[in-house]
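First comes the structure, then the notes that go with it.
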Amino acid sequence: QHGPADSLTGPQPIPGVKHIIAVASGKGGVGKSTTSVNLALGLQSLGLKVGILDVDIYGPSIPTLLGVTEKPTQDENKNIIPIIKHGLVSMSLGYLMKQNTATIWRGPMVMGAVKQMIADTKWDVDGELDVLVLDLPPGTGDVQLTLAQNVAVNGAVVVSTPQDIALIDARKGLDMFQKTNVPVFGLVENMSYFLCPSCGERADIFGHGGARDTAQELGMDFLGAIPLHMDIRSTSDQGTPIVTHQPDSPHTAAYIAIARQVA
Ligand code: ADP
């Protein structure tokens, strides 16, 4: 069997998956993976069957974010059986490699692993997926471009922090999707403002309204703002994503509001 990235016939669907949403960012460390996981769980809370594929070669963080320590197995046809955690079907480069080896992988090895994860994973192990969330590597390199050209992505979400926006990295991501004809759902502003965990006071550390303005300037929709908050970081580090573990949190509501716009 051959996966979508093997062919040169343009964007292909992924077997066992109805819709594909890519989550991108102009640079690393802006909270793209945190957003991917909580967006995926937000979509799940809307009643959808959801999977997540982590192809972030520079630092696959989905295993940590989901609290997954086990490795995927293979069935008799050599299909990879993805891990199911928090109800989410997941595959990650991090499940396939030893810790911290990704950065020394050469390009072809990375593409080989990505193609294999897409083509050989039994995505419908728990029933057909309504949505597969693709957690892309940061920036606009080969992996992102190859995926955008070969996988039929229904829409992309661009994650940025307010100061990142000033550096117009988000614009490069938007350019890449436009060039490859991938529709862009819009922009999520992460670490939008600081919420003090003890007093609840809000501080607009990076200014306010930058993302909304930039989205408008770029002709993108603004999907929402997520604050910089201790609970988001601590739940991420513990592998207990906020959307499933603090369902009543205002942050959970914010992620679900974003999910509604891309569902
Ligand atoms: P990226 O995927 O863009 O590299 P991550 O999702 O791994 O970024 O996030 C980088 C770090 O920032 C992690 O430690 C994560 O827990 C933290 N983080 C992300 N978003 C938030 C937020 N809204 N509030 C607090 N911490 C956050």
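According to UniProt numbering, the sequence shown holds residues 100 to 362 in order. Even glycine gets a Cβ: it sits at the ideal position worked out from N, Cα and C.
Handout entry: DSSP bridge partner residues for Glu288 (one or two, in chain order)
Key = Residue 288 sits at position 189 when you count from the first residue of the sequence shown. Ser259 and Ala324, per the DSSP bridge assignment.
Practice task
Report the partner residues of Phe293 according to the DSSP bridge assignment.
Solution key: The count along the sequence shown starts at 1 and reaches residue 293 at position 194. Bridge partners of Phe293: Ala302 and Leu327.
Problem - Straight-line Cα distance separating Leu195 from Cys298 - result: Along the sequence shown, read from residue 1 onward, the residue named residue 298 stands at position 199. Along the sequence shown, read from residue 1 onward, the residue named residue 195 stands at position 96. Cα-Cα distance, rounded: 42 Å.
Exercise for the section: Return yes when the C-beta of Asp268 is under 8 Å from any heavy atom of the ligand ADP, and no when it is not. Expected result: In the sequence shown, the residue the question calls residue 268 occupies position 169. Flag unset: Cβ of Asp268 not near the ligand ADP.
Problem - Whole runs of the beta strand (DSSP E) within the segment 163-218, excluding any shorter than 3 residues - result: Counting only runs of 3 or more, we get 182-184 and 187-191.
Problem - Beta bridge counterpart(s) of Ser124 as assigned by DSSP - result: For the purposes of this step, residue 124 is taken as residue 25 along the sequence shown, with counting starting at 1. Answer is Val258.
Practice task
Report the rounded CA-to-CA distance for Gly102 versus Leu246, giving the unit in angstroms.
Solution key: Here residue 102 corresponds to residue number 3 of the sequence shown, with the count starting at 1. Here residue 246 corresponds to residue number 147 of the sequence shown, with the count starting at 1. Only weak support exists for where Gly102 lies, its pLDDT of 48 falling under 50; the coordinates are left without a value.
Problem - 9 Å Cβ cutoff met for Ile217 and Ser189 - result: Counting from one through the sequence shown, the residue named residue 217 turns up at place 118. Counting from one through the sequence shown, the residue named residue 189 turns up at place 90. Not in contact: Ile217 and Ser189 (Cβ atoms no closer than 9 Å).
Handout entry: Where Gln111 falls: helix, strand or coil (DSSP)
Key = Indexing the sequence shown from 1 puts residue 111 at position 12. Residue state, collapsed to three classes: strand.
Handout entry: Under 9 Å between C-beta atoms of Gly285 and Val250
Key = One-based indexing of the sequence shown puts residue 285 at position 186. One-based indexing of the sequence shown puts residue 250 at position 151. No, Cβ-Cβ distance for Gly285 and Val250 is not below 9 Å.
Handout entry: 8 Å Cβ shell around Ser106 - same chain, five flanking residues per side excluded
Key = Here residue 106 refers to the residue found at position 7 of the sequence shown. Confidence at Ser106 is low in this model, with a pLDDT of 47, below 50, so the placement of that residue should be treated as unreliable; the coordinate-derived value is given next. Within the same chain, and ignoring the five residues on either side of Ser106 in sequence, the residues whose Cβ sits closer than 8 Å to its Cβ are Asn249.
Practice task
Say yes only if the C-beta of Ile355 is nearer than 8 Å to one or more non-hydrogen atoms of the ligand ADP, and no if none qualify.
Solution key: Start at 1 with the first residue of the sequence shown, and residue 355 comes out as number 256. The answer is no for Ile355.
Problem - At least 3 beta-carbon pairs within less than 8 Å: the segment 134-144 vs the segment 347-358 - result: yes
Practice task
Tell me, to the nearest whole angstrom, how far the beta carbon of Ala164 is from that of Ser132; I am working on the premise that it is less than 8 Å.
Solution key: Reading the sequence shown from its first residue, position 65 is the one you call residue 164. Reading the sequence shown from its first residue, position 33 is the one you call residue 132. First, the amino acid is wrong: residue 164 is Leu here, not Ala. Confirmed, about 6 Å.
Problem - Helix, strand or coil at Thr313 according to DSSP, with G and I counted as helix - result: Residue 313 sits at position 214 when you count from the first residue of the sequence shown. Correct three-state label for Thr313: helix.
Handout entry: Assumed close pair Val129, Asn289 - CB separation to whole angstroms, cut-off 8 Å
Key = Counting from 1 along the sequence shown, the entry for residue 129 is found at position 30. Counting from 1 along the sequence shown, the entry for residue 289 is found at position 190. That pair is a contact at about 6 Å.
Exercise for the section: Flag this pair as touching only if the segment 106-123 and the segment 328-345 have three or more C-beta atom pairs under 8 Å; answer yes or no. Expected result: no
Problem - Closer than 8 Å: Gly128 CB and nearest the ligand ADP heavy atom - result: Numbered from 1 along the sequence shown, position 29 holds the residue referred to as residue 128. Flag set: Cβ of Gly128 near the ligand ADP.
Practice task
Counting only the same chain and skipping the five closest in sequence on each side, list residues whose C-beta sits under 6 Å from that of Pro236.
Solution key: Mapped onto the sequence shown, residue 236 falls at position 137. Contacts found: Asp155, Ile156, Tyr157 and Val242.
Practice task
Assign Leu244 to one of two classes, buried (16 or more other C-beta atoms within 10 Å of its C-beta) or exposed (fewer than that).
Solution key: Here residue 244 is taken as the residue at index 145 of the sequence shown, counted from 1. Exposed.
Problem - Closest Cα partner of Pro282 within the set Ile304, Phe293, Phe305 and Val252 - result: Against the sequence shown, residue 282 aligns to sequence position 183. Of the listed residues, the one whose Cα sits closest to Pro282 is Val252.
Exercise for the section: Compare the beta carbon distance of Val361 and Gly226 with 9 Å and say whether it is the shorter of the two. Expected result: Against the sequence shown, residue 361 aligns to sequence position 262. Against the sequence shown, residue 226 aligns to sequence position 127. No; because the gap between Cβ atoms is not below 9 Å, this pair is not in contact.
Handout entry: Buried or exposed (CB count within 10 angstroms, at least 16 for buried), Gly109
Key = Walking along the sequence shown from the start, residue 109 turns up at place 10. That one is exposed.
Problem - Whole-Å CB distance - Ser259 paired with Ser135, under 8 Å assumed - result: The residue you call residue 259 lines up with position 160 of the sequence shown. The residue you call residue 135 lines up with position 36 of the sequence shown. About 14 Å separates the two Cβ atoms, so there is no contact after all.
Exercise for the section: Could you check the C-alpha separation between Met210 and Gly240 for me, to the nearest Å? Expected result: Within the sequence shown, numbered from 1, the residue matching residue 210 stands at position 111. Within the sequence shown, numbered from 1, the residue matching residue 240 stands at position 141. When rounded, the distance between both Cα atoms is 11 Å.
Practice task
Look at the alpha carbon of Ser291 and the alpha carbon of Pro181, and state the distance between them as a whole number of angstroms.
Solution key: Here residue 291 refers to the residue found at position 192 of the sequence shown. Here residue 181 refers to the residue found at position 82 of the sequence shown. Their Cα atoms are separated by approximately 33 Å.
Problem - For Thr133: DSSP bridge partner residues - result: To locate residue 133, count along the sequence shown from 1; it is residue 34. The partner list for Thr133 (beta bridge, DSSP) is empty, contrary to what the question assumes.
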